[in-house]
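What follows is one structure encoded as structure tokens, with my remarks underneath.
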Ligand SMILES: [Zn+2]
């Protein structure tokens, strides 16, 4: 007889990812009709993997929401970028 007991160990691994957006700000977004996080174009390229060119094209087409501060710097709505499908025809068409 085999007296060995089978022991099943369950290991649960949790991963927390933290993105630091030093110049991010929460503001009302007309496109989202609510508060959204606005980030610089540089931060958007780094965090979302979209090129500067794509961002500006999508801003021109009003797909990515944006606003300019009093110094003329442009900030983009992170929610509008996050909502873009990665393989969308919108992005591929413009490349
Ligand atoms: Zn928005």
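Numbering (this note's numbering), first residue to last: 50 to 144.
Positions of the beta carbon are idealized from the N, C-alpha and C atoms, including for glycine.
Beta-carbon distances below 6 Å to any heavy atom of ligand 1 define the shell here; list its residues in chain order, please.
Going along the chain, the residues that qualify are 78, 80, 81, 85, 114, 126, 128, 129.
Express the C-alpha separation of residue 61 and residue 55 in angstroms, rounding to a whole number.
Taking the straight line from one Cα to the other gives about 19 Å.
Considering only the alpha carbon of each residue, which of 104, 118, 119 lies closest to residue 129?
The option with the nearest alpha carbon to residue 129 is 104.
CB residue 113 to CB residue 126, shorter than 8 Å?
Going by C-beta atoms, residue 113 is nearer than 8 Å to residue 126.
My understanding is that residue 124 touches residue 101, with C-beta atoms under 8 Å, so please give their C-beta distance in whole angstroms.
That pair is no contact at about 14 Å.
Return the chain-ordered list of same chain residues with a C-beta closer than 7 Å to the C-beta of residue 117, the five sequence neighbours on each side being excluded.
Result list for residue 117: 123, in chain order.
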